[in-house]
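J.: I am attaching a structure below and will ask some questions about it afterwards.
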């Protein structure tokens, strides 16, 4: 009789234990993403390690839209510490050494959009694709180190899920003369 009871209890116990372990792992992953993000934002000088506020969606465009299991984000330009758009070309207006931080700041805005649209960064399964339109002076083509600013932020925050394919394009101008525009597509849970 005791053996029959044990055989019924044991599978239930194992199932509950596995469910608790999965829930704990999920909670730890979320807190890890959030804590890594906060550390990166703090290092970049964002007050209290918080994402910048975004204006609400307005007019005919959205910050992002989920289609199936993909989140398509509108392009984002970098903003300075005062929330002003960073404008001008590289290297005449912004040095090659400073440009990776501009890409990083644009991607901070993309992460803010992810959080606004998805409600929780734990829904990010992976960064699927990133495209850079970088305003450059004629003849300047050293775009890879600039894009690294964003790419390293995504991997610092999302780990392996932050690694992504990317396209880099040097352009003569962006909308509103911003230094760059970054587009991101995200696979979501």
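In the numbering used here, the protein residues as written are 4 to 192.
Every residue gets a Cβ at the ideal spot worked out from N, C-alpha and C, and that includes glycine.
Nothing here was measured: the structure is a model prediction, and the numbers come from that model.
1. Can you tell me whether residue 41 is helix, strand or coil according to DSSP?
2. Is it a yes or a no for the segment 135–150 touching the segment 165–185, going by three-plus beta-carbon pairs under 8 Å?
3. At which residue ranges does the segment 107–164 contain complete alpha helix (DSSP H) runs of 4 or more residues, listed in the order of the chain?
4. Of the residues 131, 167, 135, 143, which one's Cα is nearest the Cα of residue 108?
5. So residue 185 and residue 113 are supposed to be a Cβ contact under 8 Å. How far apart are they, rounded?
6. Checking 8 Å against the spacing of the C-beta atoms, do residue 170 and residue 36 come in under that value?
7. For residue 54 versus residue 118, is the C-beta spacing smaller than 8 Å?
8. Under 8 Å between the Cβ atoms of residue 102 and residue 93?
T.: Here's the rundown:
1. In the structure shown, residue 41 sits in a helix (DSSP, three-state: H, G or I).
2. The segment 135–150 makes contact with the segment 165–185: 3 or more CB pairs, one atom from each, lie closer than 8 Å.
3. Listed in chain order, they are 147–161.
4. The shortest Cα separation from residue 108 among 131, 167, 135, 143 belongs to 135.
5. Confirmed, about 6 Å.
6. The Cβ atoms of residue 170 and residue 36 do not sit closer than 8 Å to each other.
7. In this structure, residue 54 lies near residue 118, with their beta-carbon atoms less than 8 Å apart.
8. Contact: yes.
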